[in-house]
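>
Number of protein chains: 2
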Amino acid sequence: MHFTSQTSSNGVIERSFTLDDIPGVLWSPALPSPAPLVLMGHPGGLHKKAEGLVARAIHLVSTQGFHVASIDAPGHGDRPRSAEDARWVDQLMRARAAGEPLGSIVSAFNASIAERAVPEWQRTLDALQALPEIDEDRLVGYSGMTLATEIGMRLAVAEPRIGAAVLGSAFASEPLIEAAQLVTAPVLYLLPWDDLEIDRESGLALFDALGPAEKVMHVTPGPHQRVPWVETEDAARFFTRVLATATLAA
Amino acid sequence: MHFTSQTSSNGVIERSFTLDDIPGVLWSPALPSPAPLVLMGHPGGLHKKAEGLVARAIHLVSTQGFHVASIDAPGHGDRPRSAEDARWVDQLMRARAAGEPLGSIVSAFNASIAERAVPEWQRTLDALQALPEIDEDRLVGYSGMTLATEIGMRLAVAEPRIGAAVLGSAFASEPLIEAAQLVTAPVLYLLPWDDLEIDRESGLALFDALGPAEKVMHVTPGPHQRVPWVETEDAARFFTRVLATATLAA
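Which chain is which? The protein sequence lines are B and S, in order. Residue 181 in numbering that gives the first Met the number 0 sits at position 182 of the first sequence, with consecutive numbering throughout. Residue 190 in numbering that gives the first Met the number 0 sits at position 191 of the second sequence, with consecutive numbering throughout.
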């Protein structure tokens with residue numbers, strides 16, 4: 000992991016990094032004390048420094064003193080898009096323009112990205128936990144909607160270091176339902192009640208399928224691009240409550 | 000309004016009162032400062048000092064410095080049950096014992112109680128706001144599930160002084176859906192996902208029907224008797240955020 004730049008603003012240090020071919024960002028409190036790490040995924044089509052993601056990351060760092068890391072998903076942000084991914088994107092754009100249902104295309108595309116993204120997040124987590132300012136024994140959080148939920152569900156299944164997740168707004172494909180059933184970490188699931196692209200039933204089915212005893216779903220008016228800010232505050236409290244003392248079982 | 004007894008414990012003063020034939024309780028901070036009032040309704044079959052209600056009232060008073068008032072609904076607690084109400088209760092008990100659906104009986108019974116309870120809450124609110132320690136210009140909160148939601152929905156429609164409500168676990172009868180559509184105060188709606196008596200679809204339909212732009216639904220595993228304590232904390236923060244500065248429009 001190589002840090003390539005550092006800026007500081009209002010008590011938050013932002014460091015850009017690369018890990019092999021993965022570009023990422025790490026936000027940390029200027030005065031670090033032992034604090035949990037949250038991995039933050041970006042929605043499909045966006046990137047590691049998408050506006051909403053940065054606002055939520057800064058909130059977590061400045062109100063809870065957390066470290067927050069974000070990386071570009073395969074084919075997103077500063078990363079090249081493969082010919083196969085470009086075909087998916089074309090197919091998606093055509094369906095959206097024609098007003099056709101997006102579920103099957105989005106689910107297949109996101110599953111393909113997630114298959115590549117999960118091991119990338121695991122390598123990123125290895126590298127982050129090797130930093131002196133990040134506690135390697137502590138469980139970490141994961142947060143993200145749409146594409147980032149398709150990745151995060153599977154990451155939470157594959158990776159015992161994920162101790163809490165804030166997810167939402169994914170289509171209830173059969174493979175994702177199966178992944179949801181295997182999640183054991185506490186989950187806060189966000190369901191935007193008036194989403195124009197992702198049906199309500201998908202959110203209800205994914206919440207229903209989620210395995211952990213501690214799960215909660217917050218349903219808010221509006222589409223997935225307009226989740227009220229109070230949910231950012233609730234998510235921060237959720238991470239703080241669940242991760243405050245959580246460590247990997249010996 | 001006559002206060003009939005007063006006790007004090009851990010910084011919370013509990014005063015019992017009667018208002019004509021309505022028995023009630025008012026919990027207040029021992030060191031009062033200007034703070035909102037929350038009216039708390041009890042579930043069907045219980046009373047003004049039901050265990051869970053008292054725990055939530057004490058939490059609101061001791062963490063947020065609120066005043067909280069609770070009264071016995073008609074035919075509940077220390078109040079006589081009419082012959083007609085007794086017939087409803089018999090019918091309900093028989094249906095429950097036979098494992099029959101309860102929706103139509105509960106909805107009709109609760110609608111009848113709510114018709115009587117709404118003006119009682121309004122008179123209680125008049126009397127409470129006449130107390131020197133309660134600010135008469137401030138909007139008040141209302142909280143309660145099952146029967147208390149049937150009452151609270153209609154109270155929120157009839158009473159402009161209700162500025163925030165925490166509701167949940169009611170059957171989506173046609174009259175209640177119509178009331179929900181007329182609510183304008185922000186609502187936090189609780190949906191216990193595994194309720195044995197009240198169907199999920201009722202919760203989803205009532206949340207969907209609710210009028211206000213600011214509404215949120217929290218869905219948690221378990222039945223309505225087992226809403227996780229974190230929801231009590233979330234409700235307290237919801238009331239604080241919405242009611243902190245809310246006053247009746249001039």
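For glycine and all other residues, C-beta sits at the position ideal for the given N, C-alpha and C.
Under 9 Å between beta-carbons, which chain S residues line up against M216(B)? List them in chain order, please.
Close partners of M216(B) in chain S (Cβ separation under 9 Å): L190, W192, M216, H217, V218, T219.
> Have a look at L195(B), L166(B), D193(B) and flag the residue whose alpha-carbon is nearest the alpha-carbon of H41(B).
Of L195(B), L166(B), D193(B), the smallest CA-CA separation from H41(B) is found for L166(B).
> Any chance the segment 46-63 of chain S sits against the segment 20-37 of chain S, with 3 or more Cβ pairs inside 8 Å?
Contact between the segment 46-63 of chain S and the segment 20-37 of chain S is present, because at least three Cβ pairs lie under 8 Å.
> Quick check on this structure: which residue in D233(B), F170(B), L130(B) has the alpha carbon closest to the alpha carbon of R240(S)?
D233(B)
> Rounded to whole angstroms, what's the CA-CA distance from P118(S) to G151(B)? Just pull it up for me.
50 Å
> Output needed for A126(S): all residues of its chain with C-beta closer than 7 Å, excluding positions within five of it in sequence on either side, in chain order.
M0, L18
> Mind checking if F206(S) is an interface residue toward chain B, Cβ cutoff 8 Å exclusive?
yes
> Using a Cβ distance threshold of 8 Å, determine whether the segment 202-212 of chain S contacts the segment 177-185 of chain S, with at least three qualifying pairs required.
yes
> Pull the bridge partners of A163(B) from the DSSP assignment, please.
G140(B)
> Is any beta-carbon of chain B found at less than 8 Å from that of A164(S)?
With 8 Å as the cut-off, A164(S) does not count as an interface residue toward chain B.
> Please classify V24(S): does DSSP put it in a helix, a strand, or coil?
strand
> Report the three-state DSSP secondary structure of F206(S) (helix, strand or coil).
helix
> Quick one: residues in its chain with C-beta nearer than 6 Å to the C-beta of Y188(B), no 5 flanking neighbours on either side, listed in chain order?
If you ignore the 5 residues before and after Y188(B), its C-beta comes within less than 6 Å of the C-beta of L166, G167, F206, M216, all in its own chain and listed in chain order.
> Kindly say whether A184(B), judged by its beta-carbon, lies nearer than 8 Å to any beta-carbon of chain S.
no
> Locate the beta strand (DSSP E) running through H217(B), then write down its first and last residues.
For H217(B), the uninterrupted beta strand (DSSP E) run begins and ends at 214-219, by DSSP.
> Please list the partners that T212(B) has in chain S, where partner means a Cβ-to-Cβ separation under 9 Å.
The sequence shown places Ala at residue 212(B), rather than the Thr named in the question. Result: P220.
> Do F65(S) and F237(S) have their C-beta atoms closer together than 8 Å?
no
> By DSSP, does H41(B) sit in helix, in strand, or in coil?
Three-state result, H41(B): coil.
> Mind checking R55(B): buried by the 16 CB within 10 Å criterion, or exposed?
buried
> Relative to the alpha-carbon of V67(B), which residue among A34(B), D136(B), P227(B), D198(B) has its alpha-carbon at the smallest distance?
A34(B)
> I need the straight-line Cα distance from E213(B) to D20(S), nearest angstrom please.
43 Å
> Let me confirm a value: T145(B) is counted as buried when at least 16 other C-beta atoms fall within 10 Å, else exposed. Which label applies?
buried
> Sort T148(B), M92(B), G140(B) by Cα distance to R160(B) and report the nearest one.
G140(B)
> Taking the alpha-carbon positions, what's the D77(S) to L45(S) distance?
10 Å
> One question on the structure: do A184(S) and A164(S) come within less than 8 Å of each other, judged by their Cβ atoms?
yes
> Let me know the secondary structure DSSP gives H75(B) once reduced to three states.
coil
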